[in-house]
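Colleague:
Residue numbers (this note's numbering): 277 to 538.
#1: Sort 470, 364 and 452 by Cα distance to residue 420 and report the nearest one.
#2: How should residue 376 be labelled, buried or exposed, when 16 other C-beta atoms within 10 angstroms of its C-beta is the threshold for buried?
#3: With H, G and I counted as helix, E and B as strand and the rest as coil, what does DSSP make of residue 460?
#4: Is it true that the segment 355-364 meets the segment 303-315, where meeting means three or more beta-carbon pairs spaced less than 8 Å apart?
#5: Just the C-alpha distance for residue 443 and residue 392, rounded to the nearest angstrom, thanks.
#6: Got a sec, what are the start and stop residues for the beta strand (DSSP E) residue 308 sits in?
#7: Using 8 Å as the threshold, is the segment 463-480 in touch with the segment 394-412, meaning 3 or more CB pairs across them?
#8: Going by Cα to Cα distance, which pick from 359, 290, 341 and 459 is closest to residue 434?
#9: Leaving out five residues before and five after residue 402 in sequence, what residues of the same chain have Cβ atoms less than 6 Å from its Cβ?
#10: Please report how far the alpha carbon of residue 300 lies from the alpha carbon of residue 329, in whole angstroms.
#11: Inspect the beta-carbon positions of residue 315 and residue 339 and report whether they are closer than 8 Å.
#12: Would you report the Cα separation of residue 472 and residue 437, rounded to the nearest angstrom?
#13: Can you give me the start and stop residues for the beta strand (DSSP E) that residue 433 sits inside?
#14: Is it true that the segment 404-413 meets the segment 367-387, where meeting means three or more beta-carbon pairs spaced less than 8 Å apart?
#15: Identify whether residue 494 lies in helix, strand or coil by the three-state DSSP scheme.
#16: Between which two residues does the beta strand (DSSP E) holding residue 351 run?
#17: For the beta strand (DSSP E) that contains residue 318, what are its first and last residues?
#18: Can you name the start and end residues of the alpha helix (DSSP H) that residue 415 belongs to?
#19: Following the continuous beta strand (DSSP E) through residue 507, name the residue where it begins and the one where it ends.
#20: Which whole-angstrom value is the C-beta distance of residue 350 and residue 311, which I expect to be below 8 Å?
#21: Roughly how many angstroms lie between the CA atoms of residue 320 and residue 290, to the nearest whole one?
#22: Take residue 478 as the anchor and find which of 292, 501, 449 and 428 has the nearest alpha-carbon.
#23: Within a Cβ cutoff of 7 Å, which residues of the same chain sit near residue 484, ignoring the five residues on either side of it in sequence?
#24: For residue 380, does the count of other Cβ atoms within 10 angstroms reach 16, so buried, or fall short, so exposed?
#25: So residue 406 is in the beta strand (DSSP E); what residue range does that whole segment cover?
#26: Check residue 396 in the structure and name its three-state DSSP category.
#27: Which same chain residues, not among the five before or five after residue 400, have their C-beta less than 7 Å away from its C-beta?
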């Protein structure tokens, strides 16, 4: 997947982290895209002859869906040519879009075409009638606005600030330090995190810490896995390997050795 340089409309900027696209023209190809925990949900519009399948559930995905937090190793499996665009959202955004408990989206996807209070089919038809990325992003943006207007969820500035602090610190911040910065009790913080993200603050911090480590694996400035583990805030190498394997199903060394084949 490649990130695109696209300017997000001002009213949606608080919800959108970035935009990714990918395409493959090989009609006989077979592509498997691993999805590792990164803390961000997103909306995907995909076009393919045979459909996208979520493994290991072998669940066929809608052409237009919202995916939640990834906690267990999962992947997208695609046979033949395909094209997709992903609008990656900030962790709290799915709450504003669907008005549901985000925990139900963990390791799963929500078929946006099943929504009956908005004519989502109209947006899908508009999407398949254009190959222009700018136009497709505009259509999905209009759908997001319609969903946000429908649910009118009260904004929670403190939770959004807490998320930002955790991300800025690569997950390496103690809950007590976080509480001191946002002036909130631990019980209230945890309750609000579960309501807006579907994870506890500790779970979310652990995911961001893991993402920091997996990003470092692709850099050439580190001499050893031990250095990466320590710099990512893990107390020892076994803790680093155990956490990495829980999110990817692989050890860091196995992931690194097979990185060039991706």
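Ideal Cβ placement from N, Cα and C applies to all residues, glycine included.
Modeller: In brief:
#1: 364
#2: exposed
#3: coil
#4: Below 8 Å, enough C-beta pairs join the segment 355-364 and the segment 303-315 to call them touching: three or more.
#5: 35 Å
#6: 306-311
#7: Touching, no, given that fewer than three Cβ pairs across the two stretches are closer than 8 Å.
#8: 459
#9: The answer, listed in chain order, is 415.
#10: 16 Å
#11: No. Outside cutoff.
#12: So the alpha carbons of these two residues sit roughly 13 Å apart.
#13: For residue 433, there is no enclosing beta strand (DSSP E); the residue is found in the alpha helix (DSSP H) stretching over 433-444.
#14: Pairwise C-beta distances place the segment 404-413 out of contact with the segment 367-387, as fewer than three of them are shorter than 8 Å.
#15: Residue state, collapsed to three classes: coil.
#16: 350-355
#17: Taken as a continuous stretch (DSSP letters only), the beta strand (DSSP E) holding residue 318 covers 318-324.
#18: 409-427
#19: Looking at the DSSP string, residue 507 is not in any beta strand (DSSP E); the run it does join, the alpha helix (DSSP H), is 501-507.
#20: Yes, residue 350 and residue 311 are in contact; Cβ-Cβ is about 5 Å, under 8 Å.
#21: Spanning the two alpha carbons is a distance of roughly 18 Å.
#22: 449
#23: Result list for residue 484: 315, 442, 443, 446 and 447, in chain order.
#24: So residue 380 counts as exposed.
#25: Here residue 406 belongs to no beta strand (DSSP E), and DSSP marks it neither H nor E.
#26: helix
#27: 339, 340 and 389
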